[in-house]
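Here our numbering is used: the first residue of the sequence shown is 136, the next is one more, and so on. Cβ coordinates follow ideal geometry from the N, Cα and C atoms, glycine included.
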Amino acid sequence: MQNSISTNSELIVREREFLHEADNDSPIIRVRDLNVWYGDTKALSDVNIDIMRNRITAFIGPSGCGKTTLLRCLNRMNDLIKSFRKTGSITLDGEDMYSSKTDVMQLRKKVGMVFQQPNPFIKSIYDNMKLPVRENLSRMDRKAEKDLIIGKLQDSTLYDEVKDRLHQSAVKLSGGQQ
């Protein structure tokens with residue numbers, strides 16, 4: 136499936152089905168008549184798109200065409216930009232993502248964003264690993280937390296490389312390690 140989105144330059148959305156069984160006929164995210172401005176600069180114009188369940192969706196286009204702006208709208212990262220404003224609607228499972236009732240932190244757990252360049256916090260390697268654990272598993276005792284963090288580092292094959300530097304800054308890690 137291919138949809139085009141009207142912006143300053145053409146942005147193409149491509150989807151690939153990866154589960155053949157369930158709910159492929161209903162969109163999980165629906166964007167309607169979305170317009171976005173940063174101050175006086177219009178970044179998106181009249182975007183309409185359905186993002187289907189159980190599919191990998193790629194936003195493809197040249198620099199400046201609106202890919203990141205759209206992604207930031209989907210998990211409300213644009214809320215952090217003072218000059219941001221939008222019109223139109225974005226729903227997740229039929230619920231308005233910009234409703235005053237929306238718990239933004241819960242929304243961001245459902246709608247993640249993987250950055251092109253990693254940006255670890257200016258904290259230790261261990262503390263960077265601890266943040267998502269505490270956010271998602273807050274009732275875990277310290278020993279279980281440490282075991283989980285070490286297990287995740289082992290799963291990613293990084294543990295042997297960083298085990299003696301867990302309390303050093305994660306910013307010092309190589310790009311691949313980050």
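Out of the options, which has the shortest C-alpha to C-alpha gap to residue i?
i: Leu205; options: Val182, Pro197 and Arg190; result: Val182
i: Met232; options: Gln303, Arg207 and Pro255; result: Arg207
i: Lys281; options: Lys265, Asp160, Leu242 and His302; result: Lys265
i: Ile285; options: Asn170, Arg274 and Lys298; result: Lys298
i: Met240; options: Gly229, Leu308, Pro267 and Thr292; result: Pro267
i: Asp295; options: Gln312, Ser161 and Gln252; result: Gln312
i: Asp228; options: Lys307, Gly310 and Asp160; result: Asp160
i: Gln252; options: Ser309, Arg188, Ile184 and Ala178; result: Ser309
Using a Cβ-Cβ cutoff of less than 6 Å, which residues in the same chain neighbour residue i once the five nearest sequence positions on both sides are dropped?
i: Ser337; result: One cannot answer for residue 337 here, as it falls past the ends of the chain, which runs 136 to 313.
i: Gly247; result: none
i: Arg86; result: Nothing about residue 86 can be read from this structure; the chain reaches only from 136 to 313.
i: Thr292; result: none
Under the assumption that residue i contacts residue j (Cβ atoms under 8 Å), give the Cβ distance between them as a whole number of angstroms.
i: Arg165; j: Thr226; result: 5 Å
i: Ile163; j: Ile186; result: 6 Å
i: Leu169; j: Lys221; result: 7 Å
i: Ile257; j: Ser304; result: 7 Å
Only counting the same chain, and skipping five residues up and downstream in sequence, which positions put a Cβ closer than 8 Å to that of residue i?
i: Phe219; result: Val171, Trp172, Tyr173 and Asn213
i: His302; result: Ser259, Ile260 and Tyr261
i: Asp290; result: none
i: Asn271; result: Lys244
So, for residue i: in the same chain, excluding its five sequence neighbours on each side, which residues have a beta-carbon less than 7 Å away from its beta-carbon?
i: Leu209; result: Ile164, Ile225 and Val246
i: Asn263; result: Pro255, Phe256 and Ala305
i: Thr176; result: none
i: Arg300; result: Ile260
i: Lys287; result: Met264
i: Ala178; result: Val171, Trp172, Gly201 and Thr204
Is residue i close to the ligand FAD? I mean its beta-carbon at under 6 Å from any heavy atom of the ligand.
i: Asn213; result: Looking for the ligand FAD in the displayed structure turns up nothing, as the structure carries no ligands at all.
From the beta carbon of residue i, is the nearest beta carbon of chain C less than 7 Å away?
i: Gly201; result: Checking the listed chains, one finds no chain C in this structure; it contains a single protein chain.
- Which residue spans inside the segment 153-208 form an unbroken beta strand (DSSP E) run of at least 3? 162-173, 176-187 and 190-195
- Quick one: complete beta strand (DSSP E) runs, 3+ long, within the segment 219-292? 219-227
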